[in-house]
Amino acid sequence: MGVGISTHEMEQAARRRSKTIDDGLEAERLRQARTVRVLMLGLQGAGKSTLAKQVRMIHEKGFPDKEKALYREIVRQNVVSAVLGVLQEMEAQEVAFDTDQMQQTCLAIKERLTSADSHLAVVDMRHQVSMLTSQKLFRDFMDDRMDPEVSQINHYLFRSLDKILSDAYAPSDYDILRVRQKTAGLNEILFHFKGFEFRLCDVDGHSSVKKKWLQNFENVSAILFTASLGTYDIRSKENEEQTEIHDALRVFTTVTGHDGFLRTPIILFLNKKDIFQLKLKKTPLTTAFPDYKGKNEFQEVCQFVQRKFESCVTNPDRLTVHFTNATDTAAIRSVFDSSLAVILEST
Ligand SMILES: Nc1nc2c(ncn2[C@@H]2O[C@H](COP(=O)(O)OP(=O)(O)OP(=O)(O)O)[C@@H](O)[C@H]2O)c(=O)[nH]1
Ligand SMILES: [Mg+2]
Numbered sequence: 001m002g003v004g005i006s007t008h009e010m011e012q013a014a015r016r017r018s019k020t021i022d023d024g025l026e027a028e029r030l031r032q033a034r035t036v037r038v039l040m041l042g043l044q045g046a047g048k049s050t051l052a053k054q055v056r057m058i059h060e061k062g063f064p065d066k067e068k069a070l071y072r073e074i075v076r077q078n079v080v081s082a083v084l085g086v087l088q089e090m091e092a093q094e095v096a097f098d099t100d101q102m103q104q105t106c107l108a109i110k111e112r113l114t115s116a117d118s119h120l121a122v123v124d125m126r127h128q129v130s131m132l133t134s135q136k137l138f139r140d141f142m143d144d145r146m147d148p149e150v151s152q153i154n155h156y157l158f159r160s161l162d163k164i165l166s167d168a169y170a171p172s173d174y175d176i177l178r179v180r181q182k183t184a185g186l187n188e189i190l191f192h193f194k195g196f197e198f199r200l201c202d203v204d205g206h207s208s209v210k211k212k213w214l215q216n217f218e219n220v221s222a223i224l225f226t227a228s229l230g231t232y233d234i235r236s237k238e239n240e241e242q243t244e245i246h247d248a249l250r251v252f253t254t255v256t257g258h259d260g261f262l263r264t265p266i267i268l269f270l271n272k273k274d275i276f277q278l279k280l281k282k283t284p285l286t287t288a289f290p291d292y293k294g295k296n297e298f299q300e301v302c303q304f305v306q307r308k309f310e311s312c313v314t315n316p317d318r319l320t321v322h323f324t325n326a327t328d329t330a331a332i333r334s335v336f337d338s339s340l341a342v343i344l345e346s347t
């Protein structure tokens, strides 16, 4: 007589398999229900990745040593771009040092820092670079003739030059927040908040503006749109009559009016308020908005700009606005947590 399996046993095994599958599906359904996807959009350089880094620092474990080692190269690359940027601009505006020695130093720096291994070359040339960046002419040029945002970050890098170019340099969290590295495509940041799993999609500014591309993300729980206030005085490349803040308003109108996002909650971060405040001291808001009739005071100007963004949104009840400095961890912590709470309430 063979050792057969009874029909009853086969039915039991089938039921067990079916239950395992059902349990797996139920667990996946529950996981999905506790997963919140947030899409970060905004023009290049608006500050999306800086905010995403803050989230990693606040809600996850920050940056592992391996990643910090990568940032070391990127910070040094930022120093190279900063030095070359000022030298190029000086040349374009025909500003030159009046001693042979400094002119030779500039030539040598330009030659070495335009090589493929410039992040290493800048370490070799630390003494020359340090001498150049401490020259009064060089510093005054940055302050008087360059964009205040560029000049602010350059001063930060040049102040820390000894540290950044030393062999033992390990970037601090703040260095990592200040570094500029364009996102290529999309980065997803995973973190947990109030028992929910958040997936934050940090999209590069170039893709953010593509309508076709937005279709891939129509099922997100919220959109976090970042616009830089610091661009109100920078000429738009798309329309000579306007400035880059108009480009941001245009993209914001497109995103919020996109068919797949008409009911999606929108969190708007009007970012770089520190740069905005700095620039307003010299450049009135009317440079961007000739219809502005108020005083050139920060609070009043902010209200006006906020209304401009609000007027882009159909059904503005779903819009929450914050004025931010994405490099300020303490302030971002509270703004971000209240934004996440708003998203959870609406999901
Ligand atoms: N001063 C100041 N700098 C900021 C602020 N937010 C971001 N930055 C700096 O602006 C630069 C660009 O920021 P990113 O976060 O890389 O910009 P992004 O929107 O991710 O840009 P793409 O990846 O090109 O789309 C970085 O050097 C940041 O440190 C801010 O509120 N104030
Ligand atoms: Mg980015």
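The numbers in UniProt numbering rise by one with no breaks, and the one at position 137 of the sequence shown is 137.
C-beta: ideal position from N, C-alpha, C; glycine also.
To the nearest angstrom, report how far apart residue i and residue j are at their CA atoms.
i: Phe196; j: Val220; result: 14 Å
i: Asp22; j: Ala14; result: 12 Å
i: residue 349; j: Thr105; result: The requested residue 349 is not part of the displayed model; the chain covers only 1 to 347.
i: Arg235; j: Ala27; result: 52 Å
i: Arg307; j: Thr314; result: 13 Å
i: Ile164; j: Gly62; result: 20 Å
i: Met1; j: Arg16; result: Summary for Met1: the model assigns pLDDT 47, below 50, so the residue's position carries little reliability; its value from the coordinates is reported in the next sentence. Their backbone Cα atoms lie some 28 Å apart in a straight line.
i: residue 387; j: Gln12; result: Since the first residue shown for the chain is 1 and the last is 347, residue 387 is missing from the structure and cannot be characterised.
i: Thr114; j: Val86; result: 14 Å
i: Ile189; j: Arg199; result: 6 Å
i: Thr256; j: Arg159; result: 41 Å
i: Leu344; j: Met40; result: 16 Å
i: Gly205; j: Lys212; result: 14 Å
i: Thr283; j: Ile275; result: 12 Å
i: Asn296; j: Lys281; result: 8 Å
i: Thr35; j: Leu186; result: 19 Å
i: Ala82; j: Gly24; result: 53 Å
i: Gln299; j: Tyr292; result: 14 Å
i: Thr254; j: Val203; result: 16 Å
i: Ile227; j: Asp100; result: Per the sequence presented here, residue 227 reads as Ala, with Ile not at that position. Going by the C-alpha atoms only, they are around 45 Å apart.
i: Phe141; j: Pro316; result: 44 Å
Restricting to Cα atoms, I'd like to know which of the options is closest to residue i.
i: Thr347; options: Glu26, Arg37, Glu11, Ser6; result: Arg37
i: Val123; options: Ala341, Leu161, Gly257; result: Leu161
i: Lys210; options: Gly42, Gln306, Ala170; result: Gly42
i: Ile223; options: His192, Asp140, Gln277, His258; result: His258
i: Ala121; options: Val80, Gln88, Gln135, Leu200; result: Val80
i: Asn216; options: Cys201, Gln101, Gly230, Ala227; result: Cys201
i: Thr183; options: Lys48, Ile332, Phe158; result: Lys48
i: Thr329; options: Ile58, Leu39, Thr7; result: Ile58
i: Phe193; options: Phe225, Ser130, Ser338; result: Ser338
i: Gly45; options: Val179, Ala69, Ser130; result: Val179
i: Cys312; options: Asn154, Ile266, Thr20; result: Ile266
i: Ile153; options: Thr320, Thr327, Thr7; result: Thr327
May I ask which residues mark the beginning and end of the alpha helix (DSSP H) holding residue i?
i: residue 355; result: There is simply no residue 355 to check, as the chain begins at 1 and stops at 347 in what is shown.
i: Arg72; result: 65-92
i: Phe97; result: Phe97 -> no alpha helix (DSSP H), and no H or E assigned at all.
i: His119; result: 118-124
i: Leu51; result: 48-59
i: Glu310; result: 298-310
i: Ser334; result: 329-345
i: residue 348; result: Because the chain here runs from 1 to 347, residue 348 falls outside it and cannot be looked at.
i: Val209; result: Element bounds for Val209: n/a, residue is neither H nor E.
i: Glu244; result: 244-257
i: Leu177; result: 173-178
For residue i, count the other beta carbons within 10 Å of its own beta carbon; 16 or more makes it buried, fewer makes it exposed. Which is it?
i: Asp247; result: buried
i: Asn325; result: buried
i: Ser208; result: buried
i: Ala318; result: What sits at residue 318 in the sequence shown is Arg, not Ala. So Arg318 ends up on the buried side.
i: Ala341; result: exposed
i: Asn271; result: buried
i: Met125; result: buried
i: Val322; result: Here residue 322 turns out to be His, not Val, going by the sequence shown. It counts as buried.
i: Ser151; result: buried
i: Thr231; result: buried
i: Asp175; result: buried
i: Ser18; result: exposed
i: Asn239; result: exposed
i: Phe336; result: buried
i: Ser334; result: exposed
i: Leu70; result: exposed
Counting along the chain, where does the beta strand (DSSP E) carrying residue i start and finish?
i: Asp202; result: 196-203
i: Arg37; result: 35-41
i: Ile266; result: 266-271
i: Leu319; result: 319-323
i: Asn187; result: 186-193
i: Leu285; result: Taken as a continuous stretch (DSSP letters only), Leu285 belongs to no beta strand (DSSP E), as it is neither H nor E.
Considering only heavy atoms of ligand 4, does any lie closer than 7 Å to the CB of residue i?
i: Ser49; result: The model on display carries ligand 1 and ligand 2 but not ligand 4.
Report yes or no: do three or more beta-carbon pairs, one from the stretch 140-152 and one from the stretch 85-98, lie closer than 8 Å?
yes
Could you say if the stretch 240-255 and the stretch 278-288 meet the contact criterion of at least three C-beta pairs nearer than 8 Å?
Look at the beta carbons and you see the stretch 240-255 touching the stretch 278-288: at least three pairs across the two are nearer than 8 Å.
Does the stretch 167-175 come close enough to the stretch 69-89 that 3 or more CB-CB pairs lie under 8 Å?
yes
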